[in-house]
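For the protein sequence lines, the chains are A and B, in the order given.
Numbering of the first sequence is given in our numbering, commencing with residue 2 and proceeding in unit increments.
Numbering of the second sequence is given in our numbering, commencing with residue 2 and proceeding in unit increments.
One structure is given here, and the rest of the page talks about it.
There are 2 protein chains.
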Amino acid sequence: MELKKRILIHDIAKHLDVSIATVSLVLNGRAKEKRISDVLAERVLNYVNEVGYKPNQLAKSLRSGKTHVLGLVVEDIANPFFATVARLIERKALENGYHIIYCSTNRDTAMTKDILTMFEERHVDGYVLALPEGLESEVSALVRSGKPLVMFDRVLSGVPANAVVVDGATGMYEAAQHLLAQGYKSIALITIMHGQTQMITRRQGYAQALREHNLPELVSEIELDQEPAQIVGQMESFFQAHPHCEAVLFTTNYLGLYGLEALNRLGWSVPNRIAVISFDDNALFRLYSPPITVVAQPLEVMAEEIIKVLLTALKGAKPTNGMVLLQLTPKLLIRQSSIRPSESTRANLK
Amino acid sequence: MELKKRILIHDIAKHLDVSIATVSLVLNGRAKEKRISDVLAERVLNYVNEVGYKPNQLAKSLRSGKTHVLGLVVEDIANPFFATVARLIERKALENGYHIIYCSTNRDTAMTKDILTMFEERHVDGYVLALPEGLESEVSALVRSGKPLVMFDRVLSGVPANAVVVDGATGMYEAAQHLLAQGYKSIALITIMHGQTQMITRRQGYAQALREHNLPELVSEIELDQEPAQIVGQMESFFQAHPHCEAVLFTTNYLGLYGLEALNRLGWSVPNRIAVISFDDNALFRLYSPPITVVAQPLEVMAEEIIKVLLTALKGAKPTNGMVLLQLTPKLLIRQSSIRPSESTRANLK
DNA sequence: AAAATATGCTAAAGCCTTTTAGCATATTTG
DNA sequence: CAAATATGCTAAAAGGCTTTAGCATATTTT
């Protein structure tokens, strides 16, 4: 009833009447280096192929210290931004023989600390991290330990680590300028309460644009640790409290979603009653009526660079090679939601 | 410059002047069973806590054969359906001390075969699988090997494995009935070409509803291995070729998306020119104008049941305990996109 | 022709745990 | 009081691989 026993390197060696070491060396491409004759190397390879021997990865890892697993930490794998980046990273990692083990933090610092510990226990070879705040010392320690590591989307302030981020300041600045150029004066920003670096820079872009035009800021900070319905409600209240508001910028895709829902409920039509721009593109924004103007992040490039940095660190032995800090430029995709209607249209709708 | 050496079980034993075995047994909760005195057990636990010793998971895994890692295979982690299920599974797995390693298949059978092999090499403790066709023998072998395994979303025909699926036939039947009840006669179905089981049953539900009303089927099968723009184009052609079509059912969320884009381009307004229902709910459908009627899958329950089945198999020793085949009932969420406009409204728009 | 070097391979240590068999000593039983 | 059983713990094997030091033999150098 038992299936045939798993074949071991020992069996290969025995059958070919060579040593285990020889088989191992050949299998790891160190035959030349270790002066195993070509003919023997080939004999080994052939037999291994023939019987379909696959080394036990656990044993390999235990001995070599390499697991060929990358730890991916995102805020929420169900968020299209992270899901898409994860998908792209996954593909490129796989192409290079690495597997992904992932966890969602849900912005919970304590839980994230556990996740990092678990990843360490599991001896992941490298880290791809989009972390909540409060893990500065942990990540610093990781960096110091020399483990390949890339932060993305956001960084931790004061932690000198490789990072691939998007220039949210410029992105938001351009978005705001686009609104200002059309004569909008009362432009709101809806952002989150946590001080993640990417949110701060996005807000700065908005602030600078308004400052240049001597216009006052109008900002709502949303506490995310509440039910979706409450968040929508909070936004409704905000809009109601600012009936003069003509345009609104959302700093993330999910805020944009909640915002659209809030505007729906209020019956504020877009863009007639209010213009809308969100950070971070996705299918919904593209297909919404009207299509939503967005600051699109270059996801593909992002994933590519993340993996590139990581692979370099994984291969290159140089420990203190200096950090890579890559700032990618987002792209304002102007769609209908931010185009000021003609006066006649507005009048019609009054 | 070097950080302090990682602490080993050996160090613990030495410091406490007990054997390694004792420490191991205590740490694995087998103190009682192996008659380690309570006082010693506590001494061990205290010291371990004090110095923060964490066993090397690789060594544990190698020795015990358990990795506490689950392999998750989905069609595309960037698809909101899979991303959401992944998120829910992840949470519950973590609660039970399991980590997730995942891969997207992209409907590529050959690549998926590799993925399964890799998972096996990595000695995952269990599998959660939404597979493309063509892996019947591989999965059968896995099942026979006794590895805990749950298929979800779809099954492989003829493979007797645990499975958690959604009753797409009933879901689509009800959706079609809803349209028929409103007097729609020419109802199209847009589905994919591949013969995945879940797609087949969804189509059957549609077919049965039409049959009961003696209405002809109107089906378009989309080949997914093309560019998005082409898919949209194909749907446009389909609609143009069937101008009498009054309503359309999409069998997946992404088909629904493409379909909405196609209808947009054609200028066919929903639901005035054509009623729309899609399988599988998500934020876009909820927020779209008009909101799209969907056959919503019970994602939370799904994830819960998947993990429940898996954990039972992981704990329970019984190898041939019989298979679990769970069929969950989806829910028709009627929104505006499938509500037949009054005659006057229609006339207005003519 | 002896010494040095190159060639081709292997023995065995090491990675860090878990787990089994079993050794003393103490207690109970007949 | 000897034999049986219980108690509390440990030595050592096992898990499957990588890697280092080094052993013969063959070839080249002085």
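We put the CB at the ideal spot given by N, CA and C, even for glycine.
Buried or exposed for residue i, please, with buried defined as at least 16 other CB atoms from any protein chain shown within 10 angstroms of its CB.
i	result
A:H179	buried
B:A182	exposed
B:R266	exposed
A:M194	exposed
B:D282	buried
A:R64	exposed
B:E91	buried
B:A62	It is Ser, not Ala, that sits at residue 62 of chain B in the sequence shown. B:S62 comes out buried.
B:S343	exposed
A:Q58	buried
B:T202	buried
A:S221	buried
A:T118	exposed
A:S279	buried
A:N215	exposed
A:T110	exposed
B:Q298	buried
A:N50	exposed
A:V167	buried
A:V125	buried
A:V40	exposed
B:E218	exposed
Can you tell me the Cβ-Cβ gap for residue i and residue j, rounded? I've got them flagged as a contact below 8 Å.
i	j	result
B:V277	B:S339	7 Å
B:V249	B:A189	4 Å
B:V75	B:A87	6 Å
B:L288	A:L225	Incorrect: roughly 18 Å between the Cβ atoms, too far for contact.
B:L157	B:L136	6 Å
A:P133	A:T113	6 Å
Would you identify the three-state DSSP class for residue i, choosing helix, strand or coil?
i	result
A:A304	helix
A:I78	coil
A:S367	There is simply no residue 367 of chain A to check, as chain A begins at 2 and stops at 351 in what is shown.
B:H100	strand
A:T198	helix
B:M324	coil
A:K93	helix
B:V165	strand
B:G159	coil
A:A297	strand
B:I335	coil
A:G147	coil
A:A32	coil
A:T106	coil
B:G317	coil
B:V70	strand
A:M2	Residue placement at A:M2 cannot be trusted, given a pLDDT of 36 that sits under 50; the coordinates are not used to answer.
Check whether the Cβ atoms of residue i and residue j lie closer than 7 Å to each other.
i	j	result
A:V140	A:V160	yes
B:V302	B:L333	no
A:F153	A:I308	no
B:L311	B:G127	yes
B:A304	B:L71	no
B:H69	B:Y103	no
A:L300	A:T106	no
B:L17	B:V165	no
B:K286	B:I191	Residue 286 of chain B is actually Phe in this sequence, not Lys. Contact: no.
A:P331	A:G172	yes
B:A177	B:Y207	yes
B:R155	B:Q209	no
B:V27	B:I13	no
A:E247	A:Y185	yes
B:A284	A:L264	no
A:V325	A:N163	yes
B:E122	A:K55	yes
A:V52	A:I10	no
At a Cβ cut of 8 Å, what residues of the segment 86 to 99 of chain A count as close to chain B, listed as they run along the chain? A87, R88, E91, R92 and L95
Select from the segment 265 to 281 of chain B all residues with a C-beta closer than 9 Å to any C-beta belonging to chain A, and list them in chain order. N265
Given a limit of 8 Å on CB to CB distance, which residues of the segment 252 to 266 of chain A reach chain B? L258, L261, E262 and N265
If contact means a Cβ-Cβ distance below 7 Å, which residues of the segment 53 to 67 of chain A contact chain B? K55, Q58, L59, A60, S62 and L63
Of the residues that make up the segment 185 to 216 of chain A, which ones have a beta carbon closer than 7 Å to any beta carbon in chain B? none
Could you name the residues of the segment 303 to 332 of chain A whose beta carbon sits closer than 9 Å to any beta carbon of chain B, in the order they occur along the chain? none
When Cβ atoms are compared, which residues of the segment 70 to 83 of chain A fall closer than 9 Å to chain B? V70, D77, I78, A79, N80, P81 and F83
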